[in-house]
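Colleague:
Protein chains in written order, with UniProt numbering: chain A, 1 to 225; chain B, 1 to 225.
Here it is, written out as structure tokens:
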């Protein structure tokens, strides 16, 4: 029974990694479509989001079957519950990649990326891709040192998010209302994307340390290193 | 054992209703603080969000204990898993109320509500309060006819969300960049709030109908009535 359980868990883990990799591809394409106004690339992201959603639903079904058939307790139970939560976060990250692609499509043939913020958004896109890629690696390897890398990227994204608002609200901002709307939404999407990744990273850290309620403090400790 | 399980479920349900009621209070105060620039009310929402977060964590712990001790299967198992998801959505709705209160605080002593959009945001606020209140009632009574009421309010919120962008992007929009940012963020928060409520409503509907995968279609059917 224990053997079967561990095979099931490996299956769950493999699927989480697969979804995280699909999310990495999605955010990479979405942010490139946003900075290059590549509407074909944007369409691809929008179309493929259904695959991520379907895979998340399949994974949830598998997790529920494991709960029903193998009735795990203690740490094993928490792993399965955590998988359900991770799947929800990954699915939401896929949605956010889709939203960024939708901004590209909405403004096409105009550029979605607001003038004067091109470098900022290219940097935010690169950081989100790094976050997603690191998250997939964390889920695959369970190497908790990667949590800190995600946290660092998330901090940088927070700073860039604030800098977007500073720019938009400064006196020399010359963007039209459309550019202000795009900058506000896109920046928010980037920040939320990394937020979800951090929340997943916390769960992996919890599973590694076994300490559910103290995950925030554990992360704080890691940050201080 | 069955008796114990049902008592546990009633406890879970009672706690979900309690959290939904706290979220209703939060969104009511947040939207009123936003339209009246009442910073004290906004502070109250920001401070009390921790209570919602704590209650969601306690509920999750209870649900995990039920899974471990009573090892439910079939529909019972799905009820507990659904409770975990509903708790995550309610917690997120509380966060969104907090974000709206933060907008109020950030602009104070200026008005956060953008000129020319006052009536729209008052209406959005009222709809979100209605959505939250109906959701608490749905969780308490399991009366699935309430799902349709939430869906209708969510549709109206979607229309208002689109109308905010139409206004902001129209030629006679005279708002500064700050007003454009506030309108964009606040409108997005209102729309997301109702989105989460709808996602909870779908889960309750699923529990009532027992059909997990077809919940979207079932909702579509309800909409056509």
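Idealized CB from N, CA, C, for every residue including glycine.
Does residue 84 (chain A) come within less than 9 Å of chain B when only Cβ atoms are used?
Modeller: Cβ-Cβ to chain B under 9 Å: yes for residue 84 (chain A).
Colleague: Is it buried or exposed for residue 72 (chain A), if we count other Cβ within 10 angstroms and need 16 for buried?
Modeller: Buried, by the Cβ-count rule.
Colleague: Applying a beta-carbon distance threshold of less than 9 Å, which residues of chain A neighbour residue 81 (chain B)?
Modeller: What residue 81 (chain B) touches in chain A: 60, 63, 64, 67, 81, 84.
Colleague: With burial defined as no fewer than 16 other Cβ atoms inside 10 Å of the residue's Cβ, what is the status of residue 69 (chain B): buried or exposed?
Modeller: Residue 69 (chain B) should be labelled exposed.
Colleague: In chain A, what lies closer than 8 Å to residue 78 (chain B) by C-beta?
Modeller: Correct list: 64.
Colleague: Straight-line CA distance for residue 175 (chain B) to residue 6 (chain B)?
Modeller: Looking at the two C-alpha atoms, the distance is approximately 55 Å.
Colleague: Measure the alpha-carbon distance for residue 150 (chain B) versus residue 126 (chain A) and round it to whole angstroms.
Modeller: Looking at the two C-alpha atoms, the distance is approximately 39 Å.
Colleague: Is the CB of residue 88 (chain B) under 9 Å away from at least one CB in chain A?
Modeller: Judged by the 9 Å Cβ criterion, residue 88 (chain B) is in contact with chain A.
Colleague: Identify which residue in B:146, B:170, B:159 has its Cα closest to the Cα of residue 202 (chain B).
Modeller: Closest option to residue 202 (chain B), Cα to Cα, is B:146.
Colleague: To which residues of the same chain is residue 117 (chain B) closer than 7 Å at the C-beta, ignoring the five residues directly before and after it?
Modeller: Closer than 7 Å at the Cβ level, and outside the excluded window around residue 117 (chain B), lie 164, 167, 183.
Colleague: Taking the Cβ atom as the reference point for each residue, do residue 83 (chain B) and residue 49 (chain B) lie within a distance shorter than 9 Å?
Modeller: No; because the gap between Cβ atoms is not below 9 Å, this pair is not in contact.
Colleague: So, for residue 96 (chain A): in the same chain, excluding its five sequence neighbours on each side, which residues have a beta-carbon less than 7 Å away from its beta-carbon?
Modeller: Result list for residue 96 (chain A): 189, 192, 193, in chain order.
Colleague: Buried or exposed, going by whether 16 or more other CB atoms sit within 10 Å of the CB of residue 114 (chain B)?
Modeller: Its Cβ being crowded by 16 or more others within 10 Å, residue 114 (chain B) is buried.
Colleague: Around the C-beta of residue 54 (chain B), are 16 or more other C-beta atoms found within 10 angstroms, so that it is buried, or is it exposed?
Modeller: The residue in question, residue 54 (chain B), is exposed, as its Cβ has fewer than 16 Cβ neighbours within 10 Å.
Colleague: What is the rounded straight-line gap between the Cα of residue 58 (chain B) and the Cα of residue 91 (chain B)?
Modeller: The alpha-carbon atoms of residue 58 (chain B) and residue 91 (chain B) are separated by roughly 12 Å.
Colleague: Between residue 225 (chain B) and chain A, is the shortest Cβ-Cβ distance under 9 Å, so that the two count as touching?
Modeller: With a pLDDT of 31 at residue 225 (chain B), under the threshold of 50, the modelled position of that residue is not reliable, and the figure given next carries that caveat. No, its Cβ sits nowhere closer than 9 Å to a Cβ of chain A.
Colleague: Closest to residue 41 (chain A) by CA distance: which of A:200, A:133, A:104 is it?
Modeller: When each option's Cα is compared against that of residue 41 (chain A), the closest is A:104.
Colleague: Under 9 Å between the Cβ atoms of residue 62 (chain B) and residue 8 (chain B)?
Modeller: In contact: residue 62 (chain B) and residue 8 (chain B) (Cβ atoms closer than 9 Å).
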